[in-house]
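Chains as they are written, first to last, in the numbering used here: chain A, 15 to 424; chain B, 736 to 1068.
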């Protein structure tokens, strides 16, 4: 049944449908509504779970590590500074191969402080060994959350479900929330092979010498190959039950045969699709949505970009001093292909700045003149830079600027 | 039917009690000779029994017991990180609770993981009332990284980051009064213990585990390497820590002192300091050294007065529970 739900509320209800036994979280904008929703469900007796209201995100991650290790399905959520504070534990959870699910309500990372959306937080922990799935809309956030538990528990890797802060978490949309029977059919009860038990004592998290460390890291990496298959099968099986697919590892829409493409992650895909449908892009464009950033689907990406002459990769984050993170990975994945497209890396939608249809149009215009290793900042406004230290010409978009969303006080 | 020669059905609890003490930490690990922490951990588990899950913070105890693929632990044991042991234990406890399992949860940490880097998680665990026994093996410095000062290092003690030199007399700050801070959380049971008093230690572990809600044990555990005493003197040194008043043995319930180990013959702090090179500079014949030692003595005197530790009569024997073998949990009885 379709309901009008706020994204956070829908995610909380989806989590509850997965019957977690332990929920631990610390409030942070824009994640807070999710854990508030879960707290209400527990308070109303609709979810039988221990809610551990911890004193920090660091402890939230540690609590779910302990709880899952002790044999309970466990869930946490955070964003931005909270994800970074969890950082050490996130590595630990993955290294210990403990299955947990975390919702990252994507938000920029301070400084400058910003509560608004971009992908800097999840990108900051991209190497922590977590599966990362990016959601295009709130229906996908619901469906991906349910899939995430199954993926995580089958491959014994933690899953981060990335949903754009505010854009998704605080937006009301018509959402088809599955019923309990559908979820139960899809997701078996939690079972962890290395559950801590006094009847079968063993030691977890031991000291590993150089003699074994490489092998353990290899196994962790190899698990991501299995994860790619599980992401596909979870999406396929769930679509068999719910009638909806989330796009597997990578989804292609728009003009599938066009020689020009744009690749994005997350909810900005909706804007892109709108722009395409209304003809605002000004040309036929292949629209590529990367859903699985970890595991990075090299083969699927190569297939999705086949026949492209030029590709814009939009990064909602930045590795200062290097450039767009996703675009580097895309370049790396396509390197050496005889017909690899020319790639323009664009950092945009940073710290919550809206990307509009014309932003994409400008990117495409930039693509026509871009060099092989160019990096552009979408909608960069030279007028807002210090005069004596203005951005180099090559960094700014050439197109005229639109209205200022944050007008300076007179 | 039981024949005359058949003793009949076995009482499992009795049989278990007749067996040797439970050894939760097996020998063969890599602790230094005379390690107070290894002894302390073994004593804690001896009293706790096998029906436990231990969460262990990063530190010596974790390192010397679990060189993969070996482990010296005979109990379910997990190590995650340095500063999160209280939160990991909280998660384990929450999971056991909702699963309806009665296994006891213990958190093990050194003084670094308790007084300093792990303090926030510990405070949160106590405030949330998790049914966990947190044991701090207090050897008064960061020993695993090679003897750096911690919030627990006593005033005047030498460490590699509080060295004694021409202008400094070791650590310039007081040992953090952690017990008072813990007690201020109003938890059901908190105590201090010493490896020099094993029966007292064991009985405190049993008392803690039989108390519902969070409990805390500050367990003084000499480190021969870091304190600079002969490895054969671990017990003697720790006994002097107690008898001098520097490390009072106490029990607190809901913040109130309910038990104290009385001192019949108070030993001067100098005797304690003389056995340890970390205090060596305080024994020199200089005004600074005299002042440093006097300051330590004043702390011990203040402890004795504050907790009313003085008592007359013969020295009590540390025998409580020495003639019985009891264990936490019933499943394994």
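Each residue gets a CB set at the ideal place from its N, CA and C atoms; glycine is no exception.
Here the structure is a predicted model, which is why all the values come from computation and not from measurement.
Separation of residue j from residue i, as counted between CA atoms
i, j, result
"residue 1029(B)", "residue 983(B)", "18 Å"
"residue 162(A)", "residue 227(A)", "28 Å"
"residue 78(A)", "residue 940(B)", "27 Å"
"residue 963(B)", "residue 914(B)", "25 Å"
"residue 376(A)", "residue 394(A)", "11 Å"
"residue 49(A)", "residue 103(A)", "19 Å"
"residue 1025(B)", "residue 1008(B)", "12 Å"
"residue 345(A)", "residue 316(A)", "10 Å"
"residue 119(A)", "residue 891(B)", "49 Å"
"residue 246(A)", "residue 160(A)", "14 Å"
"residue 416(A)", "residue 869(B)", "At residue 416(A), the pLDDT of 39 sits below 50, so the modelled position is not reliable and the matter cannot be decided from this model."
"residue 889(B)", "residue 965(B)", "19 Å"
"residue 790(B)", "residue 296(A)", "60 Å"
"residue 960(B)", "residue 767(B)", "8 Å"
"residue 270(A)", "residue 392(A)", "24 Å"
"residue 105(A)", "residue 144(A)", "8 Å"
"residue 886(B)", "residue 851(B)", "6 Å"
"residue 275(A)", "residue 130(A)", "27 Å"
"residue 443(A)", "residue 848(B)", "Residue 443(A) lies beyond the stretch modelled for chain A, which goes from 15 to 424, so this question has no answer here."
"residue 235(A)", "residue 749(B)", "51 Å"
"residue 806(B)", "residue 976(B)", "32 Å"
"residue 95(A)", "residue 24(A)", "23 Å"
"residue 360(A)", "residue 309(A)", "22 Å"
"residue 146(A)", "residue 823(B)", "23 Å"
"residue 133(A)", "residue 834(B)", "37 Å"
Unbroken beta strand (DSSP E) run spanning residue i, endpoints
i, result
"residue 877(B)", "Taken as a continuous stretch (DSSP letters only), residue 877(B) belongs to no beta strand (DSSP E), as it is neither H nor E."
"residue 955(B)", "950–955"
"residue 20(A)", "16–20"
"residue 267(A)", "264–268"
"residue 987(B)", "985–988"
"residue 811(B)", "811–814"
"residue 356(A)", "356–361"
"residue 391(A)", "389–391"
The alpha helix (DSSP H) enclosing residue i, as first and last residue numbers
i, result
"residue 795(B)", "795–800"
"residue 342(A)", "339–348"
"residue 322(A)", "Element bounds for residue 322(A): n/a, residue is neither H nor E."
"residue 1032(B)", "1022–1042"
"residue 779(B)", "771–783"
"residue 807(B)", "No alpha helix (DSSP H) holds residue 807(B); DSSP gives it neither H nor E."
Below-9 Å beta-carbon distance, residue i vs any chain A residue
i, result
"residue 964(B)", "no"
"residue 810(B)", "yes"
"residue 863(B)", "yes"
"residue 898(B)", "no"
"residue 851(B)", "no"
"residue 917(B)", "no"
"residue 814(B)", "yes"
"residue 709(B)", "Any answer about residue 709(B) is impossible in this case: the structure gives chain B only from 736 up to 1068."
"residue 846(B)", "no"
Any C-beta of chain B under 9 Å from that of residue i
i, result
"residue 170(A)", "no"
"residue 157(A)", "no"
"residue 340(A)", "no"
"residue 234(A)", "no"
"residue 167(A)", "no"
"residue 218(A)", "yes"
"residue 283(A)", "no"
"residue 74(A)", "yes"
"residue 268(A)", "no"
"residue 30(A)", "no"
"residue 211(A)", "yes"
"residue 163(A)", "no"
"residue 299(A)", "no"
heavy atom of the ligand ADP below 8 Å from residue i C-beta
i, result
"residue 37(A)", "Judged by which ligands are present, the structure shown has none, so any question about the ligand ADP falls away."
Beta carbon proximity, residue i to chain D, threshold 9 Å
i, result
"residue 80(A)", "In the structure shown, chain D does not exist; the protein chains are A and B."
*Quick one, which residues of the region 819–835 of chain B are near chain A if we go by CB-CB under 7 Å, in chain order?*
819, 822, 823, 824, 825, 826, 827, 829, 830, 831, 832, 833 and 834
_What are the residues in the region 43–64 of chain A lying within 9 Å of chain B by C-beta distance?_
Listed by position, the residues of the region 43–64 of chain A near chain B (Cβ gap below 9 Å) are 62, 63 and 64.
*Contacting positions in the region 84–116 of chain A - beta carbon closer than 8 Å to chain B*: 84, 85, 86, 88, 102, 103, 106 and 110
*Unbroken stretches of the beta strand (DSSP E), 3 residues or longer, contained in the region 41–101 of chain A*: 64–67 and 88–92
*Only counting runs of 3 or more residues, tell me where the beta strand (DSSP E) segments fall wholly within the region 170–250 of chain A, in order along the chain.*
Within the region 170–250 of chain A, the complete beta strand (DSSP E) runs of at least 3 residues are 173–178 and 186–190.
*asked:* Threshold first: 4 residues or longer. Then list the alpha helix (DSSP H) segments lying entirely within the region 862–929 of chain B, N to C.
replied: 913–918
*asked:* Along the region 859–887 of chain B, where does the CB come closer than 8 Å to a CB of chain A? Name the residues.
replied: Of all residues in the region 859–887 of chain B, only 859, 862 and 863 come within less than 8 Å of chain A when Cβ atoms are compared, listed by chain position.
*In chain order, which alpha helix (DSSP H) runs of at least 4 residues are fully inside the region 815–841 of chain B?*
Listed in chain order, they are 820–834.
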